[in-house]
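Numbers given in this note's numbering equal positions in the sequence shown, counted from 1, plus 174. Beta carbons: idealized from backbone N, C-alpha and C, even for Gly. Down below is the structure, laid out as structure tokens.
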Amino acid sequence: MSNPVPLLAARDLVKAYGRTQALRGASLELRAGEILAVTGASGSGKSTLLHCLAGIVRPDSGSVTYAGERLDRLPEKRLSELRRTEFGVVFQFGQLIPELTALDNVALPLMLAGTGRQAAQTAAGEWLERFGVRGQEQLRPGELSGGQAQRTALARALVTGPKVVFADEPTGALDSLAAEQVMTALVHTAREAGTAVLLITHDAQVAAYADREVQLRDGTVAPLEVTA
Ligand SMILES: Nc1ncnc2c1ncn2[C@@H]1O[C@H](COP(=O)(O)OP(=O)(O)OP(=O)(O)O)[C@@H](O)[C@H]1O
Ligand SMILES: [Mg+2]
Numbered sequence: 175m176s177n178p179v180p181l182l183a184a185r186d187l188v189k190a191y192g193r194t195q196a197l198r199g200a201s202l203e204l205r206a207g208e209i210l211a212v213t214g215a216s217g218s219g220k221s222t223l224l225h226c227l228a229g230i231v232r233p234d235s236g237s238v239t240y241a242g243e244r245l246d247r248l249p250e251k252r253l254s255e256l257r258r259t260e261f262g263v264v265f266q267f268g269q270l271i272p273e274l275t276a277l278d279n280v281a282l283p284l285m286l287a288g289t290g291r292q293a294a295q296t297a298a299g300e301w302l303e304r305f306g307v308r309g310q311e312q313l314r315p316g317e318l319s320g321g322q323a324q325r326t327a328l329a330r331a332l333v334t335g336p337k338v339v340f341a342d343e344p345t346g347a348l349d350s351l352a353a354e355q356v357m358t359a360l361v362h363t364a365r366e367a368g369t370a371v372l373l374i375t376h377d378a379q380v381a382a383y384a385d386r387e388v389q390l391r392d393g394t395v396a397p398l399e400v401t402a
């Protein structure tokens with residue numbers, strides 16, 4: 175929070191899908207360890223912005239800078255390495271690998287980073303526990319409830335200890351009590367590890383966990399007037 179230099183910065187991002195202008199000059203900064211909520215109407219460009227910031231989608235123009243490096247110009251190989259080591263992503267839809275159990279979905283990023291299967295599974299079990307997924311470790315995503323799948327995806331995003339977590343509606347399938355439990359666990363983890371979180375949400379109660387909130391309107395970012 176006290177570091178004034180942004181860890182991640184987007185400037186004037188433009189992204190069109192055919193004739194749809196998803197982003198029209200969106201700018202945003204995320205500081206190390208900061209929890210930033212991004213809200214806005216459906217279709218306002220929130221997921222597109224997250225995908226550009228996480229180096230998953232290349233903007234048509236504008237820049238994304240992470241720790242001084244221009245993500246939008248990086249070759250795909252370096253970009254995927256960066257995503258694997260520095261970022262954790264919770265996608266809005268269909269994020270888990272259907273053939274793997276919940277436990278193996280969470281263990282996978284660790285195994286890709288070189289951790290042995292046993293150690294990866296032990297750590298994965300602890301993360302699932304932390305997010306309230308107990309007794310479902312051996313189920314496959316198709317057998318999990320929507321909320322259990324979302325928690326599993328969150329555990330998977332955090333298991334490698336990333337610098338930035340991008341979470342697209344991580345509580346979208348949860349009731350308010352479960353959302354509160356998941357947000358408490360997410361915020362606690364982020365604070366403890368100094369992880370920055372970009373949190374997309376429709377829910378004002380979820381956004382209230384953030385240090386700051388910005389709103390997307392028609393593909394541009396507007397700061398929110400905070401009455402605190
Ligand atoms: N892959 C794609 N192909 C075509 N159009 C797309 C694609 N992704 C997004 N869009 C369009 O871009 C606009 C912004 O979409 P985006 O998913 O970023 O919105 P959002 O704010 O995340 O919405 P929601 O709250 O419903 O998730 C929408 O009009 C959408 O239809
Ligand atoms: Mg979206």
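| query | result |
| --- | --- |
| Tell me which residues share the same chain as residue 175 and place their Cβ nearer than 8 Å to its Cβ, disregarding the 5 neighbours each side in the sequence. | With a pLDDT of only 49 at residue 175, under the threshold of 50, the placement of this residue in the model should not be trusted; the figure read from the coordinates follows. Counting only Cβ-Cβ distances below 8 Å, and skipping sequence neighbours, we find 205, 207, 208 and 385. |
| Per DSSP, what kind of secondary structure is residue 339 in: helix, strand or coil? | strand |
| Check whether the stretch 338-348 and the stretch 258-278 touch, using three or more Cβ-Cβ pairs below 8 Å as the test. | yes |
| Determine the extent of the beta strand (DSSP E) in which residue 320 is found, giving its start and end residues. | Run containing residue 320: none in the beta strand (DSSP E); it sits in the alpha helix (DSSP H), 320-332. |
| What residues are listed by DSSP as bridge partners for residue 262? | 339 |
| Taking 8 Å as the threshold, find out whether the stretch 367-380 comes into contact with the stretch 305-322 through three or more Cβ pairs. | no |
| Terminal residues of the continuous alpha helix (DSSP H) containing residue 365? | 350-367 |
| Please classify residue 380: does DSSP put it in a helix, a strand, or coil? | helix |
| Inspect the beta-carbon positions of residue 390 and residue 220 and report whether they are closer than 7 Å. | yes |
| Residue 189 and residue 233: beta carbons closer than 7 Å? | yes |
| Any chance you could list the residues with Cβ under 7 Å from a heavy atom of ligand 2, keeping chain order? | 220, 221, 266, 342, 343 and 374 |
| Using a Cβ distance threshold of 8 Å, determine whether the stretch 278-289 contacts the stretch 239-248, with at least three qualifying pairs required. | no |
| Mind checking whether the beta-carbon of residue 345 lies closer than 6 Å to any heavy atom of ligand 1? | no |
| Less than 7 Å between the C-beta atoms of residue 393 and residue 195, yes or no? | yes |
| Please classify residue 191 as buried or exposed, where buried requires at least 16 other C-beta atoms within 10 Å of its C-beta. | exposed |
| If distances are taken between C-alpha atoms only, which option among 244, 256 and 185 comes closest to residue 337? | 256 |
| Report yes if the CB atom of residue 276 is closer than 7 Å to the CB atom of residue 326, and no otherwise. | yes |
| Where does residue 280 fall in DSSP's three states? | helix |
| Is the Cβ-Cβ distance between residue 182 and residue 222 less than 7 Å? | no |
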